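If you're matching positions, the sequence shown starts at 5 in this note's numbering and goes up one per residue.
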Amino acid sequence: MVEAIAKPGSTLSASQIAKVRQQAEEFEGVFLNTLTKTMFESVKSENGFGSGFGEETWRSMQSEQLANSMAQNGGLGIADQLMGDLLTLQEAANAQNSLTIPKGAY
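Right, here's the structure in full:
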């Protein structure tokens, strides 16, 4: 699947593509975490949870785990939308890093 994302003639290795995919999913996870935290803040606290520091901590962890799980399982498609641009940027970075500066040119 990772190889199918790369453009034909791509200089990116499978590990580079996988790393870019991971970063795109992490970005989507952060975005979804923000959304889920906002969602949980709008939910009234019940006395069963204590409505204190413990509940706040638990809800924060729950929000983070829910967001990461959603991102890893397709999420909203943000990671997929980012992949094309991120791969293009990585290709450009690889090309720039492979340039050699002639001696005596500066």
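Built from N, CA and C at the ideal position, the CB exists for glycine as well. Given the structure is predicted, the values throughout are model-derived calculations rather than measurements.
Short of 6 angstroms from the beta carbon of Asn-98, and not among the five residues preceding or following it, lie these beta carbons of its own chain, in chain order: Thr-15.
Close CB contacts of Gly-33 within its chain, under the 6 angstroms cut and outside five residues either way in sequence, are with Ala-71, Asn-72, Ala-75 (chain order). Per DSSP, the unbroken alpha helix (DSSP H) holding Ser-64 starts and ends at 57-76.
Residue environment analysis places Asn-101 among the exposed positions, since fewer than 16 neighbouring C-beta atoms fall within 10 angstroms of its C-beta. Closest by C-alpha distance to Trp-62, out of Phe-44, Phe-35, Ser-19, is Phe-44.
One Cα belongs to Ser-64, the other to Leu-39, and the distance between them is close to 12 angstroms.
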